[in-house]
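One structure is given here, and the rest of the page talks about it.
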Amino acid sequence: MTRSVVWKDFEREIAKWFRSVRNIGSGRINSTDQGEPRPGDVVMPEELSALIELKTRKEFPKSGIYPRALDTLNEAKEENKKHFFHFERKNGSKKIYVLATSQEWMEKICGFIRDELEKESTIDL
């Protein structure tokens, strides 16, 4: 799989999780109904005020994803978005996904995960 296919596949996958579509051109050639560049890698309705960025990597740097996640946060602020979600994964791998977002969203996500783990632990086999 070529590099361009890998990241496009990743964008489609995450967009599907958000019940949306990938942003073809990531704001460069895709625009809103008002003619403004559409930010982010996933098209999100304006009323949700969310920016989603996705990155694939050949190797994860020792410095972690923090610098790129910070870029996503700053872009969200520039675009007046209330929420940001920065996903990364290694090229071709669907085993590990890395997510950076706000503390508010991490608490919600962890609460959801906890609820799902509790449901799973009560299932009789």
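The sequence shown begins at 21 in my numbering and counts up one residue at a time. From the three backbone atoms N, C-alpha and C, an ideal C-beta is built for every residue, glycine too. In this text, all values refer to a predicted model and were calculated from it rather than measured experimentally.
Per-residue DSSP class, three states only, for residue i
i: Lys75; result: strand
i: Thr34; result: Per the sequence presented here, residue 34 reads as Ile, with Thr not at that position. Three-state result, Ile34: helix.
i: Ile133; result: helix
i: Lys97; result: helix
i: Lys128; result: helix
i: Lys139; result: helix
Bridge partner(s) assigned by DSSP for residue i
i: Val26; result: Beta-bridge pairing links Val26 to no other residue.
i: Lys110; result: Arg77
i: Thr121; result: Phe105
i: Arg39; result: None; Arg39 has no bridge partner.
i: Val63; result: Answer by DSSP bridge pairing: none, since Val63 is not bridged.
i: Ala70; result: His103
Check whether residue i and residue j have beta carbons under 9 Å apart
i: Asp61; j: Arg42; result: yes
i: Phe107; j: Trp125; result: no
i: Ser69; j: Lys101; result: yes
i: Ala120; j: Ile85; result: yes
i: Phe80; j: Val118; result: yes
i: Glu99; j: Leu71; result: yes
message: Would the region 22-39 count as touching the region 70-77 if we require 3 or more Cβ pairs under 8 Å?
response: yes
- request: Assess, as a yes-or-no matter, whether the region 128-145 is touched by the region 83-98 under the definition of 3 or more beta carbon pairs within less than 8 Å.
  value: no
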